[in-house]
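Participant: Using the UniProt record's numbering, read the sequence shown as starting at 1 and increasing by one per residue.
Input: one structure, supplied below.
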Amino acid sequence: MNARHTAPELAPDGAWFKRDSKNPQGPALLLHPSSWSAFVAHASRTCGPKGQYGQ
1 MNARHTAPEL APDGAWFKRD SKNPQGPALL LHPSSWSAFV AHASRTCGPK
51 GQYGQ
């Protein structure tokens, strides 16, 4: 694993992660590259807007 300036203790090369910008030392969402497409597909099915204004 190569060191990454953003989360070297968590994320190997190719992984996707997101930390809260207000708490950069806090918890992170970490997804392995093979899981990323499944996560996006599920989120788009379950979290998409229901109508023109998300109602």
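Even glycine gets a Cβ: it sits at the ideal position worked out from N, Cα and C.
1. Straight-line CA distance for Phe39 to Gln25?
2. Tell me the rounded alpha-carbon separation between Ser37 and Ser44.
3. Taking DSSP as the reference, what is the three-state secondary structure of Ala43?
4. Helix, strand or coil for Ala38, going by three-state DSSP, please let me know.
5. Taking the straight line between their C-alpha atoms, what separation do you get for Pro33 and Lys22?
Facilitator: On the basis of the data shown:
1. On the sequence shown, residue 39 is found 39 positions in, with the first residue counted as 1. On the sequence shown, residue 25 is found 25 positions in, with the first residue counted as 1. Rounded to the nearest angstrom, the two C-alpha atoms are 23 Å apart.
2. Taking the first residue of the sequence shown as 1, we reach residue 37 at position 37. Taking the first residue of the sequence shown as 1, we reach residue 44 at position 44. Each residue's Cα considered, the two are about 11 Å apart.
3. Translated into the one-based positions of the sequence shown, residue 43 becomes position 43. Helix, per DSSP.
4. Sequence index remark: in the sequence shown, residue 38 carries index 38 (1-based). Note: Ala38 maps to helix in three-state DSSP.
5. Here residue 33 corresponds to residue number 33 of the sequence shown, with the count starting at 1. Here residue 22 corresponds to residue number 22 of the sequence shown, with the count starting at 1. Taking the straight line from one Cα to the other gives about 25 Å.
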